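These notes concern the structure reproduced below.
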Amino acid sequence: MPTVKTIAVAMSGGVDSSTVAAMVRAEGHNVIGLTMQLWNQRRLGGQEGMPEQVTGRCCSLDDVYDARRVAEHIGIPYYVVNHEERFEHDVVRPFVAEYLSGRTPIPCSLCNNHLKFDQLHVVARQIGADCVATGHYARVEYDNTRGRWLLKRPTDRSKDQTYFLFGLTQEQLSRTLFPLGGMTKPEVRELARKHGLALAEKPDSQEICFVPGGDYKRFIDAYLAERGETLPDTAGELVTANGEVIGEHGGIHNFTVGQRKGLGVATGSPLYVIQINGADKQVVVGGDEHLYSRTLHGRRVNLISVGDLREPMRVAVKIRHRHEAAPAMLEKIAADEVLVTFDQPQRAITPGQAAVFYNDAVVVGGAWIA
Amino acid sequence: MRRIYLDNNATTPVLPEVLEAMRPFFGERFGNASSIHHHGQETRAAVERARDLVASLLGCRSTEIVFTSGGTESDNLAIAGLVSAGDHIITSSIEHHAVLHACKHAEEMGCEVTCVPVDGRSLVNPDDVRRALRPNTKLISIMMANNETGVLQPVEEIGRIAGEADVFFHVDAVQAAAKVSIDVNRIACDAMSISGHKMHAPQGVGALYVRKGTHLQPLFYGGRHERSRRAGTENVAGIVALGKAAETAMQSFERGEGKKMSAMRDRLEQGILAQVEGAGVNGEGALRVPNTSNIYFEHVEGEAMVISLDLKGLAVSTGAACSSGAIEPSHVLMAMGLSADRARSSIRFSLGKQNTAEDIDLPLALVPEAVARLRELSPRYKKQSITIS
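Chains as they are written, first to last, in the numbering used here: chain D, 807 to 1176; chain C, 277 to 665.
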């Protein structure tokens, strides 16, 4: 009989985390279900054209209801913990600020770093839990030879969420369980059915939890309006790579690198956003060939499988969630800065996104693209 | 696991004698109190006996009692029933949401609302109420005892002010009824709300005292129940239970059980404060109902504290639960001028008639231990200790 632990399960009300709760409960552990209340989905409802009613997303009452019913069904204590303030401070505000300065943020990584694997871990320890289990598709294991906790890609590569988890520290990993790391999504649904979970067929959520319909521009308008702030004027020039002004744009936050639609200029060949200069409020456009680049600078580096980068290292690098990791050389060029040099030029390297470094299935670490 | 329940301001268990009194009305005494036959007469008599008992608890005439579904309905009936568009209402920042949101709705319907502040002990200043009076003031609504701190408000003084100004005075006595003795004539109020489940009757029944001759606009339209003040077939079993709970409360006043309750509360409070540094009572220095103690614990997250204690079998509360069940800082503690941090670090202990002296031992053992662990794991507390040393 394995040792009985007290395990807090981060329950979102979805199939994955609900199945995790049922799994660890079935293993005989003391299980406590926790749901983080992060954002009031009705808060910006009806403002600046935002939808009035929002359902079926993280933190919606429907999801809390589902999580509560699962907890009841499997017989575990369940609590909703309020982290709205921290979420707004550490995720929503940076999200808005990044767009307004011409970058394309990933709020899920910020939420993992600051909320799910930080605040929730604190609560879990405070209430007596040894570790926190989540429904992420990833694996965590201790490597005796290196003396380090490793983050590894899951069996089901199509569900791999390690890209969003690159910021986890050794301390956080040591107290984390990812019970779904060795399973495929269909297997998880099957297990959910076996445990009699009513939500086994609930569809996956895809979009950013606090941005209904994925319309981040409307969200930024509504958020600033609610706070009584006016949208800063980030309108400026549309220029070519050679610096030739070919038009004007309504604000840099409407653009992301690689974007083709909505540029407002008609030319013979397709034009893409190839760069956004926040300081000059310039949006640089060019042909598809201009989108490719061989290097990127990464800042705010977090290393997982190694303690330091003493010499350049061969890795495969993912520059966005849906990107095939590409072979590259990784080297440290300053205290908290790395240079990634790809073997082949990569399309649309986007400031604000993360570059995550892999050695086969092992996550070496990651950094924010400068 | 032995579970100790110290959250009686949220709800109370139905007392065995109350359950016994109401039981026949689920079975052989099932009649509709409006029916003219034997079955109706039997339940009508039971409803009217209960009305007499509730009236004696509040010191009013039986005909002045309107049975409702609970405190929220009573508050809504009093507010919506006494004002109309153009009227001015005075209330306080620490009222229950049943009053605050009913006033907000009245505002949307064309009333004006003044919300008077409270001091650091959660006390309303009667002079603030007097100063808030306007020519069109129609209603003052101030609670008798606050649900979070247990602090008793100066309702008699406010009653005099209302009388002099000739405006209606509604008192939300949900947290005071059966804890302290009440006399509506001494308070000189025109309406008073009470709730069954806060006084060991079941959830889903309450009452509103309405002074004789006061015209009340009903909330519901239907039959002529409750002298046309509250349409709907009576919740006979609930009403009987409320009557029995009122009777039990009056008997325990006679036996001086309030003193026993406050002695138990004080032992809990002093026992915790003696063991825990950086803790204090919210509302200290004001008169309180005997069952409530609201204690802040510096650098402790109340939410984590309540969960920790619940996992060990002790039920207490912090703040207010929002619709998801997550905790928001209490609007009462914020209105007292507590910082959001201190409000979040506050825990409410509230005793009930079922609690025994033994029940106090568990919190005295668990709370200091929980505070120590939570502080140990609080990033903020650590940082501060380092700065000090």
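Cβ coordinates follow ideal geometry from the N, Cα and C atoms, glycine included.
All figures in this text were calculated on a predicted structure; none of them were measured in a lab.
| query | Would a check of beta-carbon distances place P883/D closer than 9 Å to chain C? | reply | Output row for P883/D: interface = yes.
| query | Hey, does A602/C have any beta-carbon neighbour from chain D nearer than 9 Å? | reply | yes
| query | Taking DSSP as the reference, what is the three-state secondary structure of T861/D? | reply | Low per-residue confidence applies at T861/D: pLDDT is 49, beneath 50, and the placement is therefore not dependable, though the value from the model is reported in the following sentence. Assigned with DSSP and collapsed to three states, T861/D falls in coil, not helix or strand.
| DSSP-derived helix/strand/coil call for Y1029/D | helix
| message | The alpha helix (DSSP H) that contains A648/C, what's its start and end? | response | In the DSSP annotation of this structure, the continuous segment of the alpha helix (DSSP H) that includes A648/C starts and ends at 637 to 652.
| said: Just to confirm my understanding: we take M475/C, look at its own chain, exclude 5 residues before and 5 after, and list those with CB closer than 7 Å. What are they? | reply: T288, A453, A454, A521, A525
| request: Would you list, in sequence order, the uninterrupted alpha helix (DSSP H) runs of no fewer than 4 residues that lie entirely inside the stretch 903 to 990 of chain D? | output: Qualifying alpha helix (DSSP H) stretches, in chain order: 913 to 917, 926 to 932, 976 to 980.
| query | Between G973/D and chain C, is there a C-beta pair that is closer than 9 Å? | reply | False, the Cβ-Cβ gap to chain C never drops below 9 Å.
| What are the complete beta strand (DSSP E) segments, minimum 3 residues, inside the stretch 1073 to 1146 of chain D? | Whole beta strand (DSSP E) segments, 3+ residues: 1078 to 1083, 1088 to 1092, 1098 to 1109, 1119 to 1124, 1132 to 1140.
| What residue from M277/C, A648/C, G347/C, S310/C has the CA that sits closest to A477/C's CA? | Ranked by how close their Cα comes to the Cα of A477/C, the residues M277/C, A648/C, G347/C, S310/C have G347/C in first place.
| task | For my contact list, A378/C and V887/D are in at a C-beta cut-off of 8 Å; report their separation, rounded to the angstrom. | result | So it is not a contact: roughly 30 Å between Cβ atoms.
| query | Sorted by chain position, which residues of the same chain lie with C-beta nearer than 6 Å to T1062/D's C-beta, five sequence neighbours on each side aside? | reply | T910
| field | Proximity of V1146/D and G1104/D at Cβ, strictly below 9 Å | value | Pairing V1146/D with G1104/D gives a Cβ-Cβ distance under 9 Å.
| Is Q1159/D helix, strand or coil when you go by DSSP? | strand
| query | Since A449/C contacts S469/C with CB under 8 Å, what's their CB separation in whole angstroms? | reply | 6 Å
| Residue from A1122/D, V1090/D, Q1065/D, G1057/D whose Cα sits closest to the Cα of L906/D | G1057/D
| task | Go through the stretch 372 to 440 of chain C residue by residue and report every complete run of the alpha helix (DSSP H) that reaches 4 residues or more, in order. | result | Within the stretch 372 to 440 of chain C, the complete alpha helix (DSSP H) runs of at least 4 residues are 373 to 384, 402 to 408.
| For P411/C, is the classification buried or exposed, using 16 other Cβ atoms within 10 angstroms of its Cβ as the cut-off for buried? | exposed
| query | Per DSSP, G1172/D forms a beta bridge with which residues? | reply | N1108/D, V1162/D
| said: Going by beta-carbon coordinates alone, are S350/C and L484/C separated by less than 9 Å? | reply: yes
| message | DSSP three-state label for Q317/C, please. | response | The answer is helix: DSSP assigns Q317/C an H, G or I state.
| field | Range covered by the beta strand (DSSP E) that runs through R624/C | value | 622 to 626
| Residue closest to N919/D, alpha-carbon to alpha-carbon, out of T968/D, G1064/D, D936/D | T968/D
| request: Could you tell me whether any non-hydrogen atom of the ligand MN is closer than 8 Å to the CB of R831/D? | output: In terms of ligand content, the structure shown is empty, and the ligand MN therefore cannot be addressed.
| task | Note down, in chain order, every chain C residue with its Cβ under 7 Å from the Cβ of R931/D. | result | L653
| task | Taking Y497/C as part of the alpha helix (DSSP H), name the residues at either end of that continuous run. | result | Note, Y497/C: premise wrong, no alpha helix (DSSP H); not H, not E.
| task | Please name the residue in L983/D, L867/D, V870/D, E890/D whose C-alpha comes closest to that of V837/D. | result | L983/D
| task | Assign V643/C to buried or exposed, taking buried as 16 or more other Cβ atoms, counted over all protein chains shown, within 10 Å of its Cβ. | result | buried
| request: Could you say which of D617/C, E545/C, H607/C, G499/C lies nearest to V576/C if we only look at CA atoms? | output: D617/C
| query | Quick one: what's got a C-beta closer than 7 Å to R1106/D's C-beta in the same chain, skipping five residues either side? | reply | D1142, A1173, W1174
| request: Give every residue of the same chain whose Cβ lies closer than 7 Å to the Cβ of Y1098/D, excluding the five residues on either side of it in the sequence, and list them in chain order. | output: P1151, Q1152, R1153
| query | Ends of the alpha helix (DSSP H) at T348/C? | reply | In the DSSP assignment, T348/C falls within the alpha helix (DSSP H) that extends over 347 to 358.
| L295/C versus chain D: which residues are under 9 Å apart at the beta carbon? | The premise fails here: L295/C is roughly 26 Å from chain D at the closest Cβ pair, so nothing lies under 9 Å.
| task | With a threshold of 16 other CB atoms inside 10 Å of the CB of R373/C, please say whether the residue is buried or exposed. | result | Before going on, a small fix: residue 373/C reads as His here, not Arg. H373/C should be labelled exposed.
| task | Please decide whether Y497/C counts as near chain D, where near means a Cβ-Cβ distance under 9 Å. | result | no
| said: What does the alpha-carbon distance come out to for the pair R506/C and K991/D? | reply: Taking the straight line joining both Cα atoms gives about 55 Å.
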